[in-house]
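Counting in the numbering used here, the sequence shown runs from 15 upward without gaps.
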Amino acid sequence: ADWPFVLKLLIDEMEEHMFSEETIRSYFMAQQRLGGLVPEFAFVNLQTDQNSSEIALVMRKVEITDISTQISKAFKEGNIEQSKEYIKEMLQLLIRVIRRGVFPIDSKFSNFGLIDGRVSFLDPGFVEDFYEDRSLREMKSIISQNYNFLFLGLESEELGKFYLEEVDRQGL
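Here you go:
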C-alpha cells in the first residue's frame, strides 16, 4: 500500500539516538517559526523498548527535488536562466528564514528544494537563533560551499559569478 505519510528516522551516530538534542531543538524552532517555509511535520514518540523512547518525525509524503539537482539539470539542458531563477528563489527563501529570526547553519543548495512547485527549506535539523554578527560570518562559509558547487561542480563561471552577485544584491 502507498501511505500518504513518511516516518523520518534520523540516527545520531555519536549519541546512538535517532536525534541529538540539538537536532530536536532545531526542528522545534523550525516548527514554531518557519511555517510555510519548511515541509509540514509532526513529532511522535516511538517506544524503543520498555524503558526508553525516541523521537521521530511524521511528514506528508510529497515529491521533493533539491535545488542543487534542479540547478544542475537546467544547466545541463542549456537553460541557464532557469538555473539563475532557482538560485534567486533559494536566496529569497533564505532571507525570509533569517527575517523570522532563524539562521540555517547548513544552507547549502541541497537543503532547499521544490515541493508542490515552490521552494522550501527541506532540512531544518541544524538551525539556531539569528545573531547578526556571528551568523553573517558563518554565512560566508555557506556562500563559499554553494559557489564551489556552481563554479567547480558544474564548471560554470557564469553561474558562480551570478550567485555571488545575487548574494551581494540580496544583502547577504
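Idealized CB from N, CA, C, for every residue including glycine.
Given the structure is predicted, the values throughout are model-derived calculations rather than measurements.
- Taking 3 residues as the minimum length, the beta strand (DSSP E) runs contained wholly in the stretch 87-119 are 116-118, in order along the chain.
- Taken atom to atom, the span from the alpha-carbon of LEU71 to that of GLN46 is near 15 angstroms.
- Ranking GLU95, LYS175, ASN125 by CA distance to the CA of PRO138 puts ASN125 first.
- If the five residues before and after THR79 are omitted, its C-beta is found closer than 8 angstroms to the C-beta atoms of GLY127, LEU128, all from its own chain and listed in chain order.
- Taking a cut-off of 8 angstroms on C-beta distances, the stretch 158-177 does not touch the stretch 108-118, as fewer than three cross pairs fall below it.
- For GLU171, the uninterrupted alpha helix (DSSP H) segment begins and ends at 171-184.
- According to the DSSP assignment, GLU152 belongs to no beta strand (DSSP E) but to the alpha helix (DSSP H) extending over 146-162.
- VAL141 is positioned such that its CB atom lies no closer than 9 angstroms to that of LEU51.
- Sequence-distant Cβ neighbours of GLN84 in its own chain, meaning closer than 6 angstroms and more than five residues away, are TYR100.
- Annotation: LEU108 to ASN59 spans about 30 angstroms, alpha carbon to alpha carbon.
- Going by DSSP, SER34 is part of no alpha helix (DSSP H) at all; its letter is neither H nor E.
- The residues LEU186, in chain order, have a CB closer than 7 angstroms to that of MET153 in the same chain once the five nearest residues on each side in sequence are set aside.
- In summary, TYR41 is buried, with 16 or more beta-carbon neighbours lying within 10 Å of its beta-carbon over all protein chains present.
- Secondary-structure assignment with DSSP links THR83 through no beta bridge to anything.
- From the listed residues ALA44, ALA56, GLU36, the smallest Cα separation to SER134 is found for ALA44.
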